[in-house]
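S.K.: Number 177 in UniProt numbering belongs to position 177 of the sequence shown; there are no gaps in the numbering.
C-beta atoms are modelled at their ideal positions from N, C-alpha and C, and glycine is treated no differently.
Below is one structure. I have some questions about it.
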Amino acid sequence: MDGDGKPKAAEYSVPPVERALKLLRHIGDGNTCRNLSATSEALGINRTTLIRLIHTLSTNRMIEEIANGAGYRLGVGLITLGSQAMHGRDLVQVCQPVLAELCAETGMSAHMGILDGPDIVYLSRETPNTHLVSNVRAGSRLAAHASSIGRAILAELSEDQITALFADAPLPANTSKTPVTLSEVLEQARADRAAGVAWSEGNFEAGIGSCAAAIFDHQRTPVGALNVSGPQSAFSAEAAEGTDRIRKAVKGAAFRASQALGYMPRA
């Protein structure tokens with residue numbers, strides 16, 4: 001029990017179910033469990049228990065045996081369950097409450113958008129009850145390499161994918177900070193990937209700052225990004241405490257949206 005007399009979360013946990021989930025995630029990460037002794041040691045599950053788990057999951061088609069005794073992979077039954085869970089979980093539907101929370105937490109306009117070729121399209125936004133409100137609306141289209149939402153998505157793509165996107169696309173400069181060559185776009189993507197967010201201090205529009213992070217689906221594919229935008233001064237190095245708070249809020253919101261889409265980080 002906790003201090004309020006309520007059961008702790010761990011008290012509700014069912015160990016056999018926890019072990020089954022651990023095994024499913026292990027297989028989902030590409031481990032075939034061909035060597036049962038090694039798998040038993042890696043997962044901390046008794047070998048006899050592991051054999052029973054594999055039998056039960058196989059019977060229910062959650063996993064299936066690979067030909068020629070090569071081990072196991074996730075099965076059709078699990079794929080069906082996943083498809084049923086994802087049905088109807090529209091990106092806007094999932095992100096709207098997350099944007100509302102992010103807007104309330106930061107006091108800034110919050111947006112969500114997706115990549116469409118070399119551009120991004122805004123699908124949703126939440127605005128605070130203040131005089132300084134973003135004029136970007138759902139349906140607005142901006143250059144991906146110049147906007148923080150676009151940059152956050154590009155940072156999660158391979159360099160070959162980025163090159164293909166911009167091979168024949170113009171690279172307009174919104175400000176002097178906007179990359180105008182493919183090599184500069186690639187360099188910016190590498191920096192954003194290392195930072196974990198796309199950070200803008202007037203990069204897209206003078207006087208406006210922004211921070212964005214990518215949203216991932218159940219296949220760990222970047223399907224969009226969300227951001228907050230506000231006065232550039234709030235995003236400057238002089239406002240260190242505030243900028244840390246913004247980064248944390250944006251990354252947390254993107255993670256919650258990703259989780260709602262079925263995303264699970266690698267162990």
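How many Å lie between arginine 220 and leucine 50 at the Cα?
M.R.: Taking the first residue of the sequence shown as 1, we reach residue 220 at position 220. Taking the first residue of the sequence shown as 1, we reach residue 50 at position 50. So the two alpha carbons sit approximately 27 Å from each other.
S.K.: Ends of the alpha helix (DSSP H) at alanine 189?
M.R.: One-based indexing of the sequence shown puts residue 189 at position 189. Per DSSP, alanine 189 belongs to the alpha helix (DSSP H) from 182-195.
S.K.: Within the chosen definition, does the segment 90-100 reach the segment 108-121 through at least 3 CB pairs nearer than 8 Å?
M.R.: Yes, the segment 90-100 touches the segment 108-121.
S.K.: By alpha-carbon positions, which one of Leu81, His55, Val121 and Asp244 ends up nearest to valine 223?
M.R.: Counted from its first residue, the sequence shown places residue 223 at position 223. Ranking the options by Cα distance to valine 223, first place goes to Val121.
S.K.: Mark valine 94 as exposed unless 16 or more other C-beta atoms lie within 10 angstroms of its C-beta, in which case mark it buried.
M.R.: Indexing the sequence shown from 1 puts residue 94 at position 94. Buried, because 16 or more other Cβ atoms sit within 10 Å of the Cβ of valine 94.
S.K.: Tell me which residues share the same chain as alanine 234 and place their Cβ nearer than 8 Å to its Cβ, disregarding the 5 neighbours each side in the sequence.
M.R.: For this step, residue 234 is matched to residue 234 along the sequence shown. Met108, Gly209, Gly242, Thr243 and Ile246, listed in sequence order.
S.K.: Would you grab the beta carbon distance between alanine 214 and alanine 164 for me? Rounded to a whole angstrom, and I think it's under 8 Å.
M.R.: Walking along the sequence shown from the start, residue 214 turns up at place 214. Walking along the sequence shown from the start, residue 164 turns up at place 164. No, alanine 214 and alanine 164 are not in contact; Cβ-Cβ is about 18 Å, not under 8 Å.
S.K.: Give the secondary structure of glycine 30 by DSSP, where H, G and I count as helix, E and B as strand, and everything else as coil.
M.R.: Walking along the sequence shown from the start, residue 30 turns up at place 30. The answer is coil: DSSP assigns glycine 30 none of H, G, I, E or B.
S.K.: Could you tell me the alpha carbon to alpha carbon distance between alanine 67 and aspartate 217, rounded to whole angstroms?
M.R.: Locating residue 67 in the sequence shown gives position 67, where the first residue counts as 1. Locating residue 217 in the sequence shown gives position 217, where the first residue counts as 1. So the alpha carbons of these two residues sit roughly 29 Å apart.
S.K.: Rounding to the nearest angstrom, what Cα-Cα distance links alanine 212 and threonine 178 in this structure?
M.R.: One-based indexing of the sequence shown puts residue 212 at position 212. One-based indexing of the sequence shown puts residue 178 at position 178. Roughly 16 Å between the two C-alpha positions.
S.K.: Can you find the residues in the same chain that come closer than 6 Å, C-beta to C-beta, to alanine 254, ignoring five residues on each side of it along the sequence?
M.R.: Sequence index remark: in the sequence shown, residue 254 carries index 254 (1-based). Closer than 6 Å at Cβ, skipping near neighbours: Ala213, Ile215 and Leu226.
S.K.: Who are the Cβ neighbours of arginine 47 in its own chain at under 8 Å, not counting the five residues just before and after it?
M.R.: Position 47 of the sequence shown holds residue 47. Cβ within range, chain order: Leu36, Ser37 and Ser40.
S.K.: Whole-angstrom Cβ separation of glycine 30 and leucine 74, contact assumed at under 8 Å?
M.R.: Translated into the one-based positions of the sequence shown, residue 30 becomes position 30. Translated into the one-based positions of the sequence shown, residue 74 becomes position 74. Between leucine 74 and glycine 30 the Cβ distance is about 10 Å, and since that is not below 8 Å, they are no contact.
S.K.: Could you tell me if isoleucine 54 is buried or exposed, where buried requires 16 or more neighbouring beta carbons within 10 angstroms of its beta carbon?
M.R.: Taking the first residue of the sequence shown as 1, we reach residue 54 at position 54. Buried.
S.K.: So, using beta-carbon positions, are alanine 144 and leucine 115 closer together than 9 Å?
M.R.: Taking the first residue of the sequence shown as position 1, residue 144 is located at position 144. Taking the first residue of the sequence shown as position 1, residue 115 is located at position 115. For alanine 144 and leucine 115, yes; Cβs fall inside 9 Å.
S.K.: Using the rule of at least 16 other Cβ atoms within 10 Å of the residue's Cβ for burial, across every protein chain shown, is glutamine 161 buried or exposed?
M.R.: The residue given as residue 161 occupies position 161 in the sequence shown. So glutamine 161 ends up on the exposed side.
S.K.: At which residues does the alpha helix (DSSP H) containing glutamate 41 begin and terminate?
M.R.: On the sequence shown, position 41 is the one that residue 41 refers to. Its alpha helix (DSSP H) spans residues 36-43.
S.K.: Quickly, what does DSSP pair aspartate 168 with across the bridge? List them, please.
M.R.: Within the sequence shown, numbered from 1, the residue matching residue 168 stands at position 168. Beta-bridge pairing links aspartate 168 to no other residue.
S.K.: From the DSSP output, in three-state form, read off valine 228 for me.
M.R.: Here residue 228 refers to the residue found at position 228 when the sequence shown is read from its first residue. Reduced to three states, the DSSP call for valine 228 is strand.
S.K.: Quick check on the DSSP output: the alpha helix (DSSP H) that includes glutamate 101 runs from which residue to which?
M.R.: Counted from its first residue, the sequence shown places residue 101 at position 101. 91-106 is the span of the alpha helix (DSSP H), which, as asked, contains glutamate 101.
S.K.: Just reading off the beta strand (DSSP E) that alanine 214 is part of, what are its end residues?
M.R.: Looking up residue 214 in the sequence shown gives position 214. Looking at the DSSP string, the run of the beta strand (DSSP E) that includes alanine 214 is 208-216.
S.K.: If you draw a straight line from the C-alpha of leucine 23 to the C-alpha of glycine 262, how long is it?
M.R.: Here the question's residue 23 lines up with position 23 in the sequence shown. Here the question's residue 262 lines up with position 262 in the sequence shown. Approximately 18 Å between the Cα atoms of the pair.
S.K.: Roughly how many angstroms separate the alpha carbons of threonine 56 and glycine 196, rounded to a whole number?
M.R.: Counting from one through the sequence shown, the residue named residue 56 turns up at place 56. Counting from one through the sequence shown, the residue named residue 196 turns up at place 196. So the two alpha carbons sit approximately 40 Å from each other.
S.K.: Compute the Euclidean distance between the alpha carbons of aspartate 168 and proline 128, then round it to the nearest angstrom.
M.R.: Locating residue 168 in the sequence shown gives position 168, counting from the first residue. Locating residue 128 in the sequence shown gives position 128, counting from the first residue. For aspartate 168 and proline 128, the distance between alpha carbons rounds to 38 Å.
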